[in-house]
């Protein structure tokens, strides 16, 4: 006797005939041939389009939280692309859960970055 859920569903669906039909992947060459035969946009003058190269400068953010039964605190370090570090520490003046203590430094950091 089948007692688990899978067994019950197997018995209930046994009267139907199911056949698995695998989906075939589109081959790369077939896709390339289709796109070559049916281009959706015609570009007449390629010199019109300029290529811009962006130099991205990464800022690094480090967060630390501390929560005890009496108070919560947050620490933030912001490191510029040149390696300069700015340290911030805050004492949270409200009762908060662990999740709130984790997200509060992120909110403070966003406010600081808005001022820079």
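Residue numbers (the UniProt record's numbering): 1 to 116.
By construction, the Cβ of each residue, glycine as well, lies at the ideal position given by its N, Cα and C atoms.
Query                                                                                   : Result
Nearest residue (CA-CA) to residue 56, options 28, 5, 81, 69                            : 81
Assigned secondary structure, residue 73 (DSSP; H/G/I helix, E/B strand, else coil)     : strand
Straight-line Cα distance separating residue 34 from residue 77                         : 52 Å
Straight-line Cα distance separating residue 60 from residue 66                         : 20 Å
Which residues DSSP lists as bridging residue 64, in chain order                        : 75
Collapsed DSSP secondary structure at residue 91 in the structure displayed             : strand
For residue 29 and residue 58, the rounded distance between their alpha carbons         : 38 Å
Residue nearest to residue 75 in terms of C-alpha spacing, selected from 69, 84, 31, 91 : 91
Continuous alpha helix (DSSP H) stretch holding residue 28: start and end               : 28-37
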